[in-house]
Amino acid sequence: MPTRYSKVIRGKDALQKEIESEPCLQQAMVQGVDFRTIDVDWHNTPCEGAVFLGCDFPESIKAEWLMTKGAMIFPRLHGVPYRPFRSKLYTRDELMAGWTAEKDLSYDKQIYDHYHSARQARPSMLEALAQRIHDHAVDEALLDLLEGKTEPGGVKKVVGIMGGHGKSRTDPFFKKVVWIARELTRRGYFIASGGGPGIMEAANLGAWLANAPDELLDQSLAILGRSPIFTSDGYMDRAYEVLELHPDGASSLAVPTWFYGHEPTNMFSKHVAKYFSNSIREDGLLAIALHGVIYAPGSAGTTQEIFMDATQNHYGTFDWISPMIFLGTQRYCVETMLYPCLKQLAQGRTYSDMLLCSDSASEIAQFVCDHPPVKGELK
């Protein structure tokens with residue numbers, strides 16, 4: 000029979016609380032902890048059935064000795080610039096460490112360069128294993144956030160916002176998305192985006208400015224508009240200017256990928272769930288957006304996400320039916336006909352009543368509030 004773990008401990012802080020209350024790691028799953036910085040009475044701490052994932056131990060404690068106590072050790076994987084067994088999501092500061100306006104030597108860029116090189120040469124078995132372990136660790140850390148274990152506020156009411164990565168910061172849809180994300184964050188929703196530029200940046204920016212005065216919104220948009228797209232000179236500098244104006248914004252989530260390494264991760268999310276696998280990232284982002292997904296105009300990537308989301312709703316894949324909202328009647332009702340197509344597809348299904356296409360930011364925000372997720376059945 001499979002082992003049942005009594006507790007899952009990720010990171011130093013969580014472990015410190017455990018050993019202070021009860022010095023017992025029996026049947027515990029311990030991930031990404033540096034025990035060299037923690038005082039543990041190993042000889043009197045039960046470890047039978049414990050699993051240690053990517054942990055570091057003092058020189059005095061040998062893995063072989065821990066295994067004689069009944070523990071299982073998965074060592075750190077060396078030779079990669081990232082931590083496969085990480086215990087928490089990324090932050091903006093962690094990913095951007097080393098970046099300057101003159102040259103990008105950031106941690107984010109180091110990981111991308113390594114990933115791109117391995118991808119071109121076909122990754123070795125060890126590299127492929129490390130990437131998959133990393134993405135699973137990000138999954139687990141993301142669940143901790145959404146379940147209310149990472150920050151106050153309880154379980155997150157996630158609304159996803161999707162759209163084109165090439166949308167300019169001066170585009171009218173960029174401003175509408177900022178307003179929608181800001182309004183929904185103020186109403187207690189938790190905004191999640193794909194983490195890149197364009198509409199994705201607008202989503203996280205709106206959430207970030209939810210606790211800022213109204214005049215700061217226009218000021219921030221004016222600053223960002225001086226470097227309108229992610230290939231513009233000073234693109235990152237403009238983001239840092241806004242962060243200096245408002246350094247303590249509200250919380251939101253970015254879910255980017257190194258698969259699209261040419262797209263910079265936007266600077267306005269407190270939590271970054273960055274993946275190697277784009278397919279896991281896309282499917283997962285739609286799955287966590289239980290309170291709906293808003294689609295601003297986009298191209299092929301956004302269209303793919305629309306049909307992935309529709310499939311989840313159509314078949315009740317994750318047991319819940321969530322709103323699908325389209326910002327831009329010209330784009331979705333005239334140019335692409337995607338909205339009429341989905342309305343026809345949804346006939347007779349629960350999610351037919353959860354569809355909206357509108358040009359009104361206020362109508363869209365209200366629709367999210369008026370249409371909470373409903374329980375669905377797998378069909």
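Per numbering that gives the first Met the number 0, residue 0 is the first one in the sequence shown, and the count goes up by one each step. Glycine included, each C-beta is placed from N, C-alpha and C at the ideal position.
Whether L355 touches I324 by CB criterion (8 Å): yes
With a CB to CB cut of under 8 Å and the five nearest residues on each side skipped, what residues in its chain are close to M28? Y4, K6, V7, I8, A49, V50, L52
Helix, strand or coil at M0 according to DSSP, with G and I counted as helix: Reliability fails at M0, whose pLDDT of 29 lies under 50, so the model's placement of it is uncertain and the value that follows must be treated cautiously. In this structure, M0 counts as coil in the three-state DSSP scheme.
Reduced DSSP secondary structure (H/G/I, E/B, other) of V177: helix
Proximal residues to H115 (C-beta, below 7 Å), its chain only, five neighbours per side dropped: G260
Under the assumption that G162 contacts G297 (Cβ atoms under 8 Å), give the Cβ distance between them as a whole number of angstroms. 5 Å
Start-end ranges of the alpha helix (DSSP H) lying completely within the stretch 277-317, minimum 4 residues: 277-287, 299-314
Judging by CA-CA distance, which residue of I179, T99, L88 is the nearest neighbour of E150? L88
How is M266 classed by DSSP in three states: helix, strand or coil? coil
Looking only at its own chain, which residues have a Cβ that is under 7 Å from the Cβ of N210, when we skip the five neighbours before and after it? G248, A249
By the 10 Å Cβ neighbour count, where 16 or more other Cβ atoms means buried, how is P1 classified, buried or exposed? Reliability of the predicted coordinates at P1 is poor, the pLDDT of 39 falling under 50, and the value obtained from them is presented with this limitation in mind. Flag for P1 reads exposed.
How would you call K61, buried or exposed, if buried means at least 16 neighbouring beta carbons within 10 angstroms? exposed
Tell me Y188's beta-bridge partners as DSSP assigns them. According to DSSP, Y188 bridges with nothing at all.
Answer with buried or exposed for A120, where buried requires no fewer than 16 other C-beta atoms within 10 angstroms of its C-beta. exposed
Spatial neighbours of T302 within its chain, please: CB distance less than 8 Å, with the 5 preceding and 5 following residues excluded, ordered by chain position. T335, L337
Which residue marks the beginning of the beta strand (DSSP E) containing I72, and which one marks its end? 71-73
In angstroms, rounded to a whole number, what distance separates the CA positions of V333 and P212? 37 Å
Is it buried or exposed, R85, if we count other Cβ atoms within 10 angstroms and call 16 or more buried? buried
Could you tell me which of Q109, Q30, L14 sits nearest to C23, measuring between CA atoms? L14
Can you give me the start and stop residues for the beta strand (DSSP E) that R9 sits inside? 6-9
Between the beta-carbon of G69 and the beta-carbon of E101, is there less than 8 Å? no
Cβ-based neighbour list, F366, same chain, cut-off 7 Å, excluding 5 preceding and 5 following: P322, I324, L355
Does the beta-carbon of A202 have 16 or more other beta-carbons within 10 angstroms, so that it is buried, or is it exposed? buried
Does the stretch 231-239 come close enough to the stretch 107-114 that 3 or more CB-CB pairs lie under 8 Å? no
Specify, as a first and last residue, the run of the alpha helix (DSSP H) that L337 falls within. 337-344
Keeping to the same chain, check which residues put their C-beta closer than 6 Å to that of E126; ignore five residues upstream and five downstream. A117
Given a cut-off of 8 Å on the beta-carbon distance, is the pair V137 and A272 in contact? yes
Helix, strand or coil for D12 per DSSP? helix
Going by other Cβ atoms of all chains shown within 10 Å of its Cβ, with 16 needed for buried, is E19 buried or exposed? exposed
Measure the alpha-carbon distance for D107 versus R185 and round it to whole angstroms. 30 Å
Through-space distance from D143 to P45, alpha-carbon basis: 26 Å
Excluding the 5 residues flanking S251 on each side, which residues of the same chain have their C-beta closer than 8 Å to its C-beta? A180, T184, F189, I190, A191, S192, A202, N203, A206, W207, F267, S268, K269, H270
How would you label G159, buried or exposed, when you count the other beta carbons within 10 angstroms and need 16 or more for buried? buried
Helix, strand or coil for G31, going by three-state DSSP, please let me know. coil
Status (buried if at least 16 other CB within 10 Å, exposed otherwise) for I37: exposed
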